[in-house]
Each structure stands twice: as structure tokens, then as C-alpha cells.
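For the record, the sequence lines run as chains A and B.
Position one of the first sequence corresponds to residue 43 (the numbering used here), numbered consecutively onward.
Position one of the second sequence corresponds to residue 43 (the numbering used here), numbered consecutively onward.
Below is one structure, written out as C-alpha cells, with a few remarks after it.
There are 2 protein chains.
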Amino acid sequence: METIEKHLEKKGIRVTAMRLLIYKFLAEKKSAVTLSDIENAFDKVDRTTLYRTVKTFESKGVVHQINDGSTGTKYALCETNCKCELETDLHLHFHCNNCEETVCLTDHKIPQIKVPDGFIAENANLVVKGICNKCS
Amino acid sequence: METIEKHLEKKGIRVTAMRLLIYKFLAEKKSAVTLSDIENAFDKVDRTTLYRTVKTFESKGVVHQINDGSTGTKYALCETNCKCELETDLHLHFHCNNCEETVCLTDHKIPQIKVPDGFIAENANLVVKGICNKCS
DNA sequence: AAGTCCAATGCACTATTGTTGCACGTATAT
DNA sequence: ATATACGTGCAACAATAGTGCATTGGACTT
Numbered sequence: 043m044e045t046i047e048k049h050l051e052k053k054g055i056r057v058t059a060m061r062l063l064i065y066k067f068l069a070e071k072k073s074a075v076t077l078s079d080i081e082n083a084f085d086k087v088d089r090t091t092l093y094r095t096v097k098t099f100e101s102k103g104v105v106h107q108i109n110d111g112s113t114g115t116k117y118a119l120c121e122t123n124c125k126c127e128l129e130t131d132l133h134l135h136f137h138c139n140n141c142e143e144t145v146c147l148t149d150h151k152i153p154q155i156k157v158p159d160g161f162i163a164e165n166a167n168l169v170v171k172g173i174c175n176k177c178s
Numbered sequence: 043m044e045t046i047e048k049h050l051e052k053k054g055i056r057v058t059a060m061r062l063l064i065y066k067f068l069a070e071k072k073s074a075v076t077l078s079d080i081e082n083a084f085d086k087v088d089r090t091t092l093y094r095t096v097k098t099f100e101s102k103g104v105v106h107q108i109n110d111g112s113t114g115t116k117y118a119l120c121e122t123n124c125k126c127e128l129e130t131d132l133h134l135h136f137h138c139n140n141c142e143e144t145v146c147l148t149d150h151k152i153p154q155i156k157v158p159d160g161f162i163a164e165n166a167n168l169v170v171k172g173i174c175n176k177c178s
């Protein structure tokens with residue numbers, strides 16, 4: 043188990059107090075969160091900082107974006123060994139229509155997705171909606 | 043080939059001039075569109091009408107929602123024989139990272155998606171991103 | 001044909017989310 | 001230590017989403 047600091051540095055992200063806090067918040071949550079969720083968690087933090095921090099995390103492969111049907115983009119930490127940027131890591135997400143939570147189903151990967159000739163798949167946004175195990 | 047009027051009525055939607063226009067616009071487009079796209083197409087139409095019309099279409103199963111990575115929700119007509127509301131019609135969408143267009147790949151269905159025990163799948167939002175045939 | 005009713009439309013407004021520019025502080029490298 | 005680059009916060013703006021209310025207009029009744 044390496045420290046968060048090491049992990050961020052390895053991804054090319056400079057470590058700051060803010061970033062550690064945000065990372066820890068994401069790590070604690072089991073479900074994907076919106077920027078507003080983070081904002082509400084620490085109310086003294088500026089929205090812009092959050093916005094840019096998460097963008098940084100995303101571009102460095104620390105978090106990935108998910109669009110369930112709800113308004114707004116959600117984010118979740120990538121698994122330690124996650125290769126979100128690669129086509130080979132097309133894992134599924136599940137959005138509960140009842141509790142509105144979205145979780146990563148990292149162990150339920152889509153084996154292969156065929157796209158028509160001429161199309162080149164790079165990554166994906168795969169969300170199944172329904173009722174989650176807590177609500178069923 | 044039945045008329046649009048019949049089609050809408052069959053879905054339980056009252057036919058109006060506005061709704062026919064909006065339906066025809068969607069039918070002409072090959073790709074999924076945002077509300078703003080529709081708004082720009084006919085500039086005399088009120089945004090609210092668009093918003094509510096599309097919501098009506100969606101709830102009656104005439105259009106389906108797609109969330110590619112871009113900000114904002116997109117909509118596309120369901121196929122004539124589309125059962126968007128059913129788990130059995132989990133068709134794929136393709137979002138081009140170059141031209142930003144999103145199209146339905148209605149003939150590329152996902153065979154079956156397994157979700158863990160306790161989860162109940164109802165529908166899905168499946169978007170593969172990459173480069174489309176026009177841009178590659 | 002007139003009147004009633006209800007859904008559809010349009011207007012005004014508010015809320016939320018996404019985004020940028022700039023100023024300032026703090027860390028980093030030379 | 002000094003210059004430089006990066007992070008943070010403030011302010012403002014833009015785009016998207018959503019609501020309440022008054023008006024219109026079609027469908028239906030009598």
C-alpha cells in the first residue's frame with residue numbers, strides 16, 4: 043500500500059494539501075460524485091479549484107468521468123491498476139434510478155465491443171440504469 | 043410507411059404543428075442533437091416548448107436520451123421498432139472525439155450485459171468514443 | 001355555434017453547472 | 001535570492017436546466 047502522495051507523484055501531479063483532501067474524499071466515497079458533491083463536503087473550497095483539480099486528476103488518469111442520465115458530470119477514482127485511458131478498460135457503471143447513486147462495476151468488464159468499419163474506439167462511457175442492490 | 047401523425051398518436055402524444063416540426067427535424071438529422079441544436083434550427087421557437095416537447099417525446103418512448111462526454115444531454119429518435127425502455131434494446135452509440143457528432147449504432151447491440159446479483163438493469167447509456175468513419 | 005375544459009405554448013425568471021481571466025501566493029529550479 | 005512556473009481564490013460570464021403563470025388554441029359537449 044503506497045501513500046497517496048506517491049501515487050499522485052507517479053501520475054505527474056504535484057501534491058498539495060487541497061489535492062490530498064479531494065483525493066481522500068473521492069477515496070472514501072463508494073459512488074461517483076459531482077463537483078457539487080465535493081463542494082458541499084468542504085464548504086470553504088472554491089468551485090474553481092475543485093473544477094481544475096478534478097480536470098487535472100482526469101487528464102492524468104487519476105479519476106474518470108461518468109455520465110449517467112442525471113444532469114452534471116460525475117467522477118470516480120480510477121482503480122490503482124486501472125487503465126481508463128485504454129480501450130481495454132471499458133468497465134461498466136451502474137446508476138440506480140431510485141437512490142440516484144452511480145457506482146463502478148470494475149469487475150464487470152465488457153469483453154469486447156465491436157464498432158463498424160471505419161470507426162476507431164478509444165474509450166467509452168457505459169452506464170446501465172436500474173435498481174441497485176441496496177434499493178432492490 | 044405510416045404518417046408521423048399516426049406514429050405520435052399511437053404513442054399517446056397529441057399532434058401539434060410544433061411537435062411535427064420538431065419530430066421532422068429529428069428525423070432528418072442522422073446524429074443525436076442537443077436542445078440548443080433544435081433551438082438554433084428554428085429560431086422563433088421558445089426554449090421551454092422545446093424542453094417540454096422533448097421531455098414528452100422521451101417519456102412516451104419517441105426519443106431516447108444520450109450522454110456522450112460533452113456537456114449537455116443529446117436526444118435521438120428511437121427506431122420505429124425500437125424498445126428503448128426495455129433492457130433488450132441496449133444499443134450502442136458512438137461519439138466522435140473529432141467532429142463531436144454522436145450517432146446511434148442501432149445494428150450493433152450488446153448481446154447481454156451481466157450485472158451483479160441484487161442489481162436490476164432497466165435501460166442503459168452506452169457510448170463508445172473515438173474517431174468516426176467520416177473523420178478517420 | 002357557443003361555451004367549457006384542458007393541454008400546449010410562450011414569457012419571465014431562477015437555479016445549477018461549466019468555464020475563463022486575472023491577481024496573488026507558494027513552491028521549484030537556476 | 002531571484003526568476004519562473006504552478007496552484008488557489010475571486011469575480012464574472014456562459015450555457016444548460018427547470019419552474020410558475022398567463023395566454024392560446026384545439027377538442028369536446030351541449
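Glycine residues also receive a C-beta, built at the ideal position from the N, C-alpha and C atoms.
Checking the DSSP bridge columns, you'll see A:Phe-99 has no partner listed. Given a length threshold of 3 residues, each whole run of the beta strand (DSSP E) inside the stretch 45-118 of chain B is given here in chain order: 105-108.
In this structure, A:Lys-116 lies near A:Thr-144, with their beta-carbon atoms less than 8 Å apart. Taking each of A:Asp-149, A:Glu-81, A:Ala-118, A:Val-157 in turn and checking the Cα distance to A:His-106, the smallest one comes out for A:Ala-118. Under the DSSP assignment, A:Val-170 falls in the beta strand (DSSP E) whose first and last residues are 162-173. Listed as beta-bridge partners of A:Leu-147 by DSSP are A:Leu-134. Pairing B:Thr-95 with B:Asn-140, the inter-Cα distance amounts to about 30 Å.
B:Pro-158 and B:Glu-121 have their C-alpha atoms some 29 Å from each other.
B:Ile-108 is a Cβ neighbour of B:His-135, given a cutoff of 8 Å. Contact check for B:Ala-166 and A:Val-169: beta-carbon distance about 6 Å, within the 8 Å limit, so the pair qualifies.
For B:Glu-81, not one C-beta of chain A is nearer than 8 Å to its own C-beta. Residue environment: A:Tyr-65 is assigned as buried (16 or more neighbouring CB atoms within 10 Å of its CB, all protein chains considered). Taking the Cβ atoms as the reference, A:His-137 lies roughly 11 Å from A:Leu-147, outside the contact range of under 8 Å.
In this structure, the alpha-carbon of A:Ser-112 lies about 8 Å from that of A:Glu-142.
Distance from the CA of A:Phe-67 to the CA of B:Thr-76, rounded to the nearest whole angstrom, comes to 33 Å.
With respect to the 8 Å criterion, A:Glu-47 and A:Val-57 are classified as neighbours on the basis of their beta carbons.
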